[in-house]
Amino acid sequence: MKIIYIHQYFKTPSEPGGTRSFWIAKELLKNGHDVTMLTTSTVITASKEIREIDGIKVIYFKVPYNQKMSISARIKSFFSFMCKATIALIDEKNIDLVIATSTPLTVGVPCLFLKWLKKTPYVFEVRDLWPEVPIQMGALKNPVLRWMAVQLEKTIYKNALHIIALSPGMKKGVLKYEPTSKISMIPNMAKIDAFWPREKDYDLMLQLGLSKESFKVIHFGALGLANGAMTIVESAKLLNDKSNIEFIFIGEGSTGDELIKECQKNDLKNVHFLGKFPMAKTSQIVNLSDISIVSFMDLPILYTNSPNKLFDSLSAGKPIIVNSAGWTKDLVEHNNCGFYVNPHKSKELADRILYLQLNPEIVNSMGIASRKLAESKYDKSILCKQFVNVVEEVANK
Numbered sequence: 002m003k004i005i006y007i008h009q010y011f012k013t014p015s016e017p018g019g020t021r022s023f024w025i026a027k028e029l030l031k032n033g034h035d036v037t038m039l040t041t042s043t044v045i046t047a048s049k050e051i052r053e054i055d056g057i058k059v060i061y062f063k064v065p066y067n068q069k070m071s072i073s074a075r076i077k078s079f080f081s082f083m084c085k086a087t088i089a090l091i092d093e094k095n096i097d098l099v100i101a102t103s104t105p106l107t108v109g110v111p112c113l114f115l116k117w118l119k120k121t122p123y124v125f126e127v128r129d130l131w132p133e134v135p136i137q138m139g140a141l142k143n144p145v146l147r148w149m150a151v152q153l154e155k156t157i158y159k160n161a162l163h164i165i166a167l168s169p170g171m172k173k174g175v176l177k178y179e180p181t182s183k184i185s186m187i188p189n190m191a192k193i194d195a196f197w198p199r200e201k202d203y204d205l206m207l208q209l210g211l212s213k214e215s216f217k218v219i220h221f222g223a224l225g226l227a228n229g230a231m232t233i234v235e236s237a238k239l240l241n242d243k244s245n246i247e248f249i250f251i252g253e254g255s256t257g258d259e260l261i262k263e264c265q266k267n268d269l270k271n272v273h274f275l276g277k278f279p280m281a282k283t284s285q286i287v288n289l290s291d292i293s294i295v296s297f298m299d300l301p302i303l304y305t306n307s308p309n310k311l312f313d314s315l316s317a318g319k320p321i322i323v324n325s326a327g328w329t330k331d332l333v334e335h336n337n338c339g340f341y342v343n344p345h346k347s348k349e350l351a352d353r354i355l356y357l358q359l360n361p362e363i364v365n366s367m368g369i370a371s372r373k374l375a376e377s378k379y380d381k382s383i384l385c386k387q388f389v390n391v392v393e394e395v396a397n398k
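Taking our numbering, the leading residue of the sequence shown gets 2, the next gets one more, and so forth.
Okay, here's the thing in structure tokens:
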């Protein structure tokens, strides 16, 4: 099949960010399909640039976006890519199938146009339940815009050939509008060949200004409003006199500056903000750490998240502390690879960190359980095949 894959934030392994679409595209190629990716770039000089990356034809459109943008600037970015992707789809010939992955929800609009104009089917992947996420976070307050966004969501789901949700909670959200036969659940993916437990690189540790002897707690990924990372900083305050515990942040986002200022204001020597790195370097730094934290604001809609950092932490063989009372809580608790803590209780997080620091045998056993789960259930070699099997099955029907 000739497949057009729409992902506004497509990343390769050499770039910071999630690479799910890259690995799925590679699996589609392996199965004999032709794949063209429509995405954005902030670094290309022309308005449009075409590259071939590992057999994937990637069409980049110059569209600005970053985590520090205002809501109006983000909406402008969403609509800019939506328009450019729609024109690109209409110009392409002989398309057999379109795959679109949210967020934002507007990536479904080009699919709708192509279906209505040329009857081309599409599969829609739900990475977040939009518009409910921005509604619950207070970013979409206008009642008319809310109604329009919900109607768009329903229309995209209704017209899709099939819908793939990234968590049980997301699937439940789609089930409000569509039958279960039309929905598959394929969660985010572990990458056991990219994140794995090995000897620690002590030279890198020193380069990063980290102590060789400390117990290290890492949070890697976005530092946006939804991540609620201030709770981690509050816990770091409680442990500031424990010089043998260090907190590491990898990533950037709209709350990054606020978090740094709070640490400076309280003279926290135990917190390190290291910035963004490509996946290989991120993997090295995660390997230096003892435990991983997956943090989100306490909103019911965020309980449905399927965060990359969780699955990369499983791959890395790390115990994981989650603060979201949804399926990720069940995942770490039922598989004995981590703990849940209340996001409103920074002392509870601090106590769990101290407990793990004082019990290295539990850190070791939870780390082994994490890696085992990544290898047996969540690795990309397993889930990419599931994704492609679903796509081929629904397309053949």
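All C-beta atoms, glycine included, are put in the ideal place defined by N, C-alpha and C.
**Asked** Straight-line CA distance for T41 to Y10?
**Response** On the sequence shown, position 40 is the one that residue 41 refers to. On the sequence shown, position 9 is the one that residue 10 refers to. Distance between the alpha carbons of T41 and Y10: 6 Å.
**Asked** What do you get for I219, buried or exposed, if any count of 16 or more other CB atoms within 10 angstroms of its CB means buried?
**Response** Sequence index remark: in the sequence shown, residue 219 carries index 218 (1-based). Buried is the call here.
**Asked** Where N144 and A150 are concerned, what is the direct C-alpha to C-alpha distance, given to the nearest angstrom?
**Response** Your numbering for residue 144 matches position 143 in the sequence shown. Your numbering for residue 150 matches position 149 in the sequence shown. At residue 144 the sequence reads Pro, which differs from the Asn that was named. Using only the alpha carbons, I get a separation of about 10 Å.
**Request:** Determine the extent of the alpha helix (DSSP H) in which T156 is found, giving its start and end residues.
**Result:** Counted from its first residue, the sequence shown places residue 156 at position 155. Taken as a continuous stretch (DSSP letters only), the alpha helix (DSSP H) holding T156 covers P144 to N160.
**Request:** Please determine, among F278, S377, A227 and S255, the residue with the shortest C-alpha to C-alpha distance to P308.
**Result:** The sequence position of residue 308 within the sequence shown is 307, counting from 1. If we check each option's Cα against that of P308, A227 comes out closest.
**Pick from V391, F388 and K378 that is closest to A191, judged by C-alpha positions** = As a first step, residue 191 is located in the sequence shown; it is residue number 190 there, counting from the start. Minimum Cα distance to A191 is reached at K378.
**Request:** Can you tell me which of the three DSSP states R21 falls into?
**Result:** Within the sequence shown, numbered from 1, the residue matching residue 21 stands at position 20. Helix at R21.
**Message:** My parser needs the beta strand (DSSP E) runs of 3 or more residues fully inside the stretch 33-74; what are they?
**Reply:** 35-42, 49-54 and 57-63
**Message:** Which of the three DSSP states is assigned to D204 in this structure?
**Reply:** What you label residue 204 is simply residue 203 of the sequence shown in a count that begins at 1. Correct three-state label for D204: helix.
**Asked** Between I292, V342 and N343, which lies nearest to I321 when the distance is taken from Cα to Cα?
**Response** On the sequence shown, residue 321 is found 320 positions in, with the first residue counted as 1. Comparing Cα positions, the closest option is I292.
**Request:** Select from T107, D242, G229 and A281 the residue whose C-alpha is nearest the C-alpha of L406.
**Result:** Since the first and last residues shown for the chain are 2 and 398, residue 406 lies out of range.
**Asked** Which residues in the same chain have their Cβ closer than 7 Å to the Cβ of A351, if we skip the five residues on either side of it in sequence?
**Response** Looking up residue 351 in the sequence shown gives position 350. Cβ neighbours of A351 beyond the five flanking positions: S236, L239 and L240.
**Request:** Can you tell me which of N324, L289, Q285 and M231 puts its alpha carbon nearest to the alpha carbon of N267?
**Result:** The count along the sequence shown starts at 1 and reaches residue 267 at position 266. Closest option to N267, Cα to Cα, is M231.
**Top-ranked residue by Cα proximity to I91, from F114, S73, S103 and I72** = Counting from one through the sequence shown, the residue named residue 91 turns up at place 90. Out of F114, S73, S103 and I72, F114 has the C-alpha closest to the C-alpha of I91.
**Request:** Give the single residue among K173, F79 and K31 whose Cα lies nearest to the Cα of P301.
**Result:** Mapped onto the sequence shown, residue 301 falls at position 300. Closest option to P301, Cα to Cα, is K173.
**Message:** Bridge partners for L98 per DSSP, in chain order?
**Reply:** The residue given as residue 98 occupies position 97 in the sequence shown. Its beta-bridge partners are I4.
**Prompt:** Looking only at DSSP bridge pairs, what is V1 linked to?
**Reply:** In this structure the chain extends from 2 to 398, so residue 1 is not present and cannot be described.
**Request:** Report the rounded CA-to-CA distance for F216 versus V364, giving the unit in angstroms.
**Result:** Here residue 216 refers to the residue found at position 215 of the sequence shown. Here residue 364 refers to the residue found at position 363 of the sequence shown. Taking the straight line from one Cα to the other gives about 11 Å.
**Item:** Boundaries (first-last residue) of the alpha helix (DSSP H) holding S382
**Value:** As a first step, residue 382 must be located in the sequence shown, where it is residue number 381. K381 to N397 is the extent of the alpha helix (DSSP H) around S382.
**Prompt:** Counting pairs of beta carbons, one from the stretch 329-340 and one from the stretch 155-162, are three or more of them closer than 8 Å?
**Reply:** no
**Prompt:** Is M190 helix, strand or coil when you go by DSSP?
**Reply:** The residue given as residue 190 occupies position 189 in the sequence shown. Looking at M190 - three-state DSSP - the assignment turns out to be coil, as it is neither helix nor strand.
**Asked** Taking the runs of the alpha helix (DSSP H) that are 4 residues or longer, which of them lie wholly in the stretch 267-312?
**Response** 280-289
**Request:** Determine the DSSP secondary structure at Y356, reduced to helix, strand or coil.
**Result:** Looking up residue 356 in the sequence shown gives position 355. Y356 falls in the helix class under three-state DSSP.
**Message:** Considering only the alpha carbon of each residue, which of P14, G257 and L30 lies closest to C1?
**Reply:** Nothing in the structure corresponds to residue 1, since the chain is present only between 2 and 398.
**Request:** Write down the C-beta distance between V59 and M38 rounded to the nearest angstrom, noting that I regard them as a contact closer than 8 Å.
**Result:** Working through the sequence shown from its first residue, we reach residue 59 at position 58. Working through the sequence shown from its first residue, we reach residue 38 at position 37. So it is a contact: roughly 5 Å between Cβ atoms.
**Item:** Backbone secondary structure at E253 - three-state DSSP
**Value:** What you label residue 253 is simply residue 252 of the sequence shown in a count that begins at 1. Coil.
**Item:** Identity of the residues DSSP links to H163 by a beta bridge
**Value:** Here the question's residue 163 lines up with position 162 in the sequence shown. Paired residues: V124.
**Prompt:** Within 10 angstroms of its Cβ, does S182 collect 16 or more other Cβ (buried), or is it exposed?
**Reply:** Within the sequence shown, the letter at position 181 stands for residue 182. S182 is exposed by the Cβ-count criterion.
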